[in-house]
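2 protein chains.
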Amino acid sequence: MDTADQPTLADVAERAGVSVATASRALTGARPVSDDLQRKVREASKSLGYRRNTVASSLRLQRTETVGLVLPRYTTTFLSALIESVSDGLEHHDMSLVLRYSEPDAVHDRENIESLIGRRVDGIIICPPSLEVSRESIEAAGAIPVVQVGRFVETDRSDSVGLDEDRATSMLVAHLADRGAGRILVVGLDADATADVRRIRALQATGALRGVSVSAAEFTGAVLDGGIRAAERLVSEYASGDDGWSGPDALVCANDDVASGVLAVLRMRGVAVPGTVQVASLLDLAPGREDHSTTTLRHPWPEMGREAVRLLIDAIGRGSDRVARRVSLAPQLVPGSSTRP
Amino acid sequence: MDTADQPTLADVAERAGVSVATASRALTGARPVSDDLQRKVREASKSLGYRRNTVASSLRLQRTETVGLVLPRYTTTFLSALIESVSDGLEHHDMSLVLRYSEPDAVHDRENIESLIGRRVDGIIICPPSLEVSRESIEAAGAIPVVQVGRFVETDRSDSVGLDEDRATSMLVAHLADRGAGRILVVGLDADATADVRRIRALQATGALRGVSVSAAEFTGAVLDGGIRAAERLVSEYASGDDGWSGPDALVCANDDVASGVLAVLRMRGVAVPGTVQVASLLDLAPGREDHSTTTLRHPWPEMGREAVRLLIDAIGRGSDRVARRVSLAPQLVPGSSTRP
DNA sequence: TTGTATGCGTTATCAG
DNA sequence: CTGATAACGCATACAA
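Protein chains in written order, with the working numbering: chain A, 1 to 341; chain B, 1001 to 1341.
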């Protein structure tokens, strides 16, 4: 049996006793077809188990109904949330998703883009793996629309969607200030890293508006252990005798991990949280879990994915004359028992 | 400027002063081309920024160098590990990955497959979202090779790769028995669910070989809270006075979450772990984290992805005369402080 | 070794 | 409304 191949439109047409043109029109609905032939074609199609060959169609239409998604290979919950929402969004437009991972390495990144262009994807969504390196990859895309998500590399024409960092910090500072904080210490941000410096400055800026002082603790690492060490230093420095506390009245941690470490130590050493010190985190590491032990900021990855798709579809539709758009999404403040009610 | 289009092979050929055939041969290396023309074509190609149109190529070759990956939409770390490893594996073969999520719903599942067939993917890797529903979807793939991964639906021709469940349970029981356990209680498995019943039976079977009794606690849920409740019942039932314990000397939990709950309660109530009772988990929920607080089994998702790709590539190469292969991978035992050294 | 011509499966154009 | 036919861009059988 050599009929293993999929039936073609010609097969359908023959079976229905019409031309391929009519068969095509009947199936796509691009042009009106008489009810009679319409029915015949549909029947023939069904009885043969015909499925349109997307490859041929793409070649003819110069459009693949496909978008490429390029992600750095951090195995985090964030990125899988992003993948899912992008996949979802595309599905609504009957588009497919081709996925590629990139190392933080120039050539590989570039190859990914090239390969996607070779496949003639209609658009690309990329989370730039490296801020120094990805620009030219992105620009290599040329006429095909690109949307950056999460991270952001300055380019001429690409849209981007990211977190509204200022909003994030101001939400958190406001939350603490509203609950009586007057002296905030930042834990787990590295004053030698550009991105972290920006965050610290942003915290200080909003702090100033609320009359709250914000300073950064020495960097001890942005993981659980770093939180533990930072908290132990705090306790040895500020906890005097029993229940006395001359330290900051609020701690802002880089993420939930750090906050967990901090919380564990403070409580173990008898420092009341949130009574004496409030603790909050800038980044929810496990959006799945709904334990409200720490007040934290949930980054809107699913929403970012949706927005990226929206921008991309729009850009695809609109052709080449566009202006770069940047959309920033606010994080969600998830109150927990580490700050006052 | 209407030259926004990508250059075609014809453009390259013209620029190099050769026929398209020669240009094609020079670039693909399918047939020998004189050094001189070889060079000319390469140059022309580079200077024009030519990139082979994969769509046209696929149509001609009847091969897309693409595989579809269909996943249920559980946002777990497991699946992202799977995606990554599949993506990796495919990359080694210069193949692309098109990703689709499926609901546990028949029509949607079927549509995914149909869409992939329409795109003429060379193969499909699928984690069946529902054991009842996916069979016909899989069989709809017809001539194109399918590999199931993680879950397994009985079909005629599809390969599959999964966890070696028997091996998993026996590893865990052996680990506990080697450390003196003689009476194991299973926590967090549901004696009313088929899959769980099989696990319980498997535990009992290996227990019998080692002279260890295995019974299952009443099902209180397979999450943290379930572990807590189960442990509290145990304590109230078996903890007599101070430090007396007449209960099981080992607990096997459905997953790390349950184990965490159990551990917290036991330690809080003064039951020594692993001194009096050892605790282990059947499923490592956060393979990323390296906290060794619980002895647990790490499921080999990355390896499963690799294996799935291997099977698929092989099946694609081999054509239609194949026999269904099933490969089972052993989990990795990660010792932690909840069992004895 | 190189060139010419054909077809992969669809869709759009242009006549009827 | 319908049909014949010409692309889409590439790779190969066949001829030179």
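Where a beta carbon is used, it is the ideal one built from N, C-alpha and C, also for glycine.
- Task: With distances taken Cα to Cα, identify the nearest neighbour of Gly-336(A) among Leu-99(A), Arg-31(A), Asp-284(A), Pro-248(A).
- Result: Asp-284(A)
- Does the distance from the C-beta atom of Val-1012(B) to that of Val-1041(B) stay below 8 Å? Yes; because the gap between Cβ atoms is below 8 Å, this pair is in contact.
- Message: In the DSSP output, which residue or residues are listed as bridge partners for Tyr-101(A)?
- Response: Leu-71(A)
- By how many angstroms is the C-alpha of Arg-298(A) removed from the C-alpha of Ala-205(A)? 21 Å
- Terminal residues of the continuous beta strand (DSSP E) containing Leu-1333(B)? Its beta strand (DSSP E) spans residues 1332-1334.
- Along the stretch 1285-1299 of chain B, what residues have a CB closer than 7 Å to any CB found in chain A? Gly-1288
- Message: Counting C-beta neighbours from all protein chains within 10 Å, is the total for Asp-385(A) 16 or more, i.e. buried, or is it exposed?
- Response: As displayed, chain A neither begins before 1 nor continues past 341, which places residue 385(A) out of reach and without an answer.
- Message: Measuring only the C-alpha atoms, how far is Ala-1250(B) from His-1292(B)?
- Response: 18 Å
- Could you tell me the boundaries of the beta strand (DSSP E) in which Leu-1266(B) lies? Segment 1256-1268 is the alpha helix (DSSP H) holding Leu-1266(B); no beta strand (DSSP E) there.
- Message: Can you give me the C-alpha to C-alpha distance between Val-1161(B) and Gly-1049(B), rounded to a whole angstrom?
- Response: 42 Å
- Length-filtered (3 minimum) beta strand (DSSP E) runs lying within the stretch 175-259 of chain A: 183-187, 213-216, 250-253
- C-alpha gap between Tyr-74(A) and Val-1149(B), whole angstroms: 22 Å
- Message: Considering only the alpha carbon of each residue, which of Lys-1046(B), Ala-1168(B), Thr-1064(B) lies closest to Thr-1054(B)?
- Response: Thr-1064(B)
- Could you have a look at Ser-80(A) and say whether DSSP puts it in helix, strand or coil? helix
- Task: Would you give the residue range spanned by the alpha helix (DSSP H) that Gly-1162(B) belongs to?
- Result: From DSSP, Gly-1162(B) is part of no alpha helix (DSSP H) but of the beta strand (DSSP E) over 1159-1163.
- Message: Quick test of your reading: Leu-1203(B) and Leu-99(A), contact by CB under 8 Å. State the CB separation rounded to the nearest angstrom.
- Response: Wrong, their Cβ atoms sit about 38 Å apart, outside the cutoff.
- Buried/exposed call for Glu-1237(B), threshold 16 Cβ in 10 Å: exposed
- Going by DSSP, what residues sit across from Thr-1028(B) in a beta bridge? Its beta-bridge partners do not exist; DSSP assigns none.
- Which residues DSSP lists as bridging Arg-1326(B), in chain order: Residue pairing for Arg-1326(B): DSSP places it in a beta bridge opposite Ser-1160(B).
- Using a Cβ-Cβ cut-off of less than 9 Å, list which residues of the stretch 261-274 of chain A approach chain B; keep chain order. Listed in sequence order: no entries.
- Query: Within 10 angstroms of its Cβ, does Leu-1079(B) collect 16 or more other Cβ (buried), or is it exposed?
  - Reply: buried
- Message: Given a cut-off of 8 Å on the beta-carbon distance, is the pair Leu-1071(B) and Gly-1305(B) in contact?
- Response: no
- Cβ neighbours of Arg-167(A) in the same chain (closer than 8 Å, five flanking residues each side left out): Ser-328, Ala-330, Pro-331
- Item | Beta-carbon proximity list for Ala-1222(B), same chain, < 7 Å, skipping 5 on both sides | Gly-1188, Ala-1254, Asn-1255, Val-1258
- How would you label Pro-248(A), buried or exposed, when you count the other beta carbons within 10 angstroms and need 16 or more for buried? buried
- Which value, in whole angstroms, describes the spacing of the CA atoms of Arg-119(A) and Ala-308(A)? 20 Å
- Task: Can you give me the Cβ contacts of His-175(A) inside the same chain, cut-off strictly under 8 Å, excluding the 5 residues immediately before and after it?
- Result: Ala-280, Thr-295, Leu-333, Pro-335, Thr-339
- Please state whether DSSP places Ser-1019(B) in a helix, a strand or coil. Three-state DSSP puts Ser-1019(B) in coil, outside helix and strand.
- Inter-residue Cα distance where the pair is Arg-318(A) and Ala-143(A): 12 Å
- Query: Out of curiosity, what's the CA-to-CA distance linking Ala-1217(B) and Gly-123(A)?
  - Reply: 53 Å
- Residue of Asn-1112(B), Thr-1276(B), Phe-1219(B) minimising C-alpha distance to Glu-1139(B): Taking only the C-alpha atoms, the option nearest Glu-1139(B) is Asn-1112(B).
- Item | Exposure of Ser-1019(B), with buried meaning 16 or more beta-carbon neighbours within 10 Å | exposed
- Item | Cβ-Cβ distance between Ile-125(A) and Val-86(A) below 8 Å | yes
- Spatial neighbours of Leu-1185(B) within its chain, please: CB distance less than 7 Å, with the 5 preceding and 5 following residues excluded, ordered by chain position. Beyond the five residues adjoining it in sequence on each side, Leu-1185(B) comes within less than 7 Å, by CB distance, of Ser-1215, Ala-1217, Pro-1248, Leu-1251 in the same chain, given in chain order.
- Item | Cutoff 8 Å: Gly-1118(B) Cβ touching any chain A Cβ | With 8 Å as the cut-off, Gly-1118(B) counts as an interface residue toward chain A.
- beta strand (DSSP E) segment containing Ile-1126(B), residue limits: 1123-1126
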